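Quick note on UniProt numbering: the sequence shown kicks off at 1 and runs consecutively.
The next block holds one structure in the form of structure tokens; read it before the comments.
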Amino acid sequence: MADTTRDDIAAALDQEVSNLCDALHGIEVKALSGHAKVLAAEESSIDSQLRLAQLEETVAKLKAQGRERELALYQEVVRLETLLKAEKMQGALASSRAHALLADVERLRCMRDEAAIARDAALGELAGAYADMEAMQATLQDSAIYVRYLRKKVLELEIESSRNAARALSGGGAGRDDAQGAFSMASIRASVQAAVREACECGEEEKRRRLRQLQLRWHPDKNPVLTEFATEVTKLINEAVAQAEAGGSK
């Protein structure tokens with residue numbers, strides 16, 4: 001009877017060690033996949049930087065061309081206005097000629113305004129490119145943190161597996177439960193709730209700005225490398241915001 005019990009315990013420990021090994025292998029695969037995604041994201045970031053540099057060069061050229069065009073148009077407007085005043089003073093300007101000159105002046109002014117609008121649009125596109133670059137850099141930083149966390153968990157599971165194997169060889173009792181998941185959602189939930197509480201303590205406008213910034217930061221579309229992770233964090237953010245709004249309305 002004692003031999004049977006000892007065999008059952010040994011079999012249970014062997015099964016537990018096998019389960020831990022399987023979990024360890026799965027996390028190693030995820031870590032390698034995450035590292036590959038980070039490398040791909042870094043390559044995408046380099047491409048974005050190249051495109052940004054090209055865009056900056058284009059904007060600089062447009063600004064220079066715009067200034068030259070504005071100066072030329074301004075000089076032409078001044079010339080036409082001077083000519084118009086001179087001809088009016090001389091009294092030799094016919095009515096049709098005056099209307100034509102006025103139309104030319106107005107047309108040149110419109111062209112100058114359109115050039116200024118095009119310049120502002122190019123500057124807005126540059127600002128958007130800067131914002132996208134900052135979002136990509138934030139995504140790469142978060143991805144690197146996640147990969148380091150996975151590597152830490154792999155090491156912890158290796159240590160746990162070694163301990164369980166040692167207990168199995170020495171005939172010890174049952175081991176600890178399997179590690180659950182690749183990260184602690186409880187700590188993430190606490191961090192999210194703390195960030196939401198801090199935002200709710202601000203004024204209404206600052207509160208909306210912080211909550212919106214937090215939601216955009218972890219939106220799955222903004223985190224292509226960690227889509228599943230970002231989806232879970234977004235759910236936690238929305239849940240914390242809903243709880244905060246419900247508590248504030250009471």
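By construction, the Cβ of each residue, glycine as well, lies at the ideal position given by its N, Cα and C atoms.
This one's a predicted model, so the numbers in the text were calculated from it and none came from an experiment.
Cα-Cα separation between residue i and residue j, rounded to whole angstroms
i: Glu206; j: Ala100; result: 54 Å
i: Asp120; j: Arg107; result: 20 Å
i: Leu39; j: Ser191; result: 27 Å
i: Asp104; j: Ala60; result: 29 Å
i: Gly34; j: His25; result: 14 Å
i: Glu239; j: Gln49; result: 36 Å
i: Leu73; j: Leu123; result: 21 Å
i: Glu204; j: Arg109; result: 43 Å
i: Val77; j: Leu52; result: 36 Å
i: Gly128; j: Leu32; result: 33 Å
i: Ala246; j: Ile237; result: 14 Å
i: Gln213; j: Ser187; result: 20 Å
i: Ala10; j: Thr227; result: 41 Å
i: Glu56; j: Lys85; result: 42 Å
i: Gly173; j: Ile27; result: Summary for Gly173: the model assigns pLDDT 41, below 50, so the residue's position carries little reliability, and this model does not support an answer.
i: Ala131; j: Arg189; result: 27 Å
i: Leu80; j: Gln141; result: 58 Å
i: Thr58; j: Leu126; result: 10 Å
i: Ala194; j: Arg148; result: 23 Å
i: Met89; j: Gln75; result: 21 Å
i: Ser18; j: Asp47; result: 44 Å
i: Thr82; j: Gln54; result: 42 Å
i: Met133; j: Asp8; result: 58 Å
i: Ile145; j: Arg208; result: 27 Å
Contact set for residue i: own chain, Cβ-Cβ below 8 Å, skip 5 residues either direction
i: Glu70; result: Arg112, Ala115 and Ala116
i: Trp218; result: Ala230, Val233, Thr234 and Ile237
i: Leu102; result: Leu84
Beta-carbon proximity list for residue i, same chain, < 7 Å, skipping 5 on both sides
i: Arg210; result: Ala199 and Cys202
i: Lys235; result: none
i: Lys63; result: Arg119
i: Leu216; result: Lys222
i: Asp177; result: Because Asp177 sits at a pLDDT of 43, beneath the cut-off of 50, its placement in the model cannot be relied upon, and the point is left open.
i: Ser241; result: In the sequence on display, residue 241 carries Val and not Ser. Excluding residues within five positions, the ones whose Cβ falls inside 7 Å are Val196 and Leu211.
Cutoff 6 Å; reference residue i; Cβ partners in own chain excluding five residues on either side
i: Ala244; result: Val196 and Cys200
i: Ser96; result: none
i: Gly171; result: Any reading at Gly171 must be qualified, since the residue scores a pLDDT of 49, below 50, and its modelled position is unreliable; the value itself is stated next. None.
i: Thr231; result: Pro220
Limits of the unbroken alpha helix (DSSP H) element including residue i
i: Leu214; result: Glu204 to Arg217
> Do the region 33-45 and the region 61-68 meet, that is, are 3 or more Cβ pairs less than 8 Å apart?
Replying inline: Touching, no.
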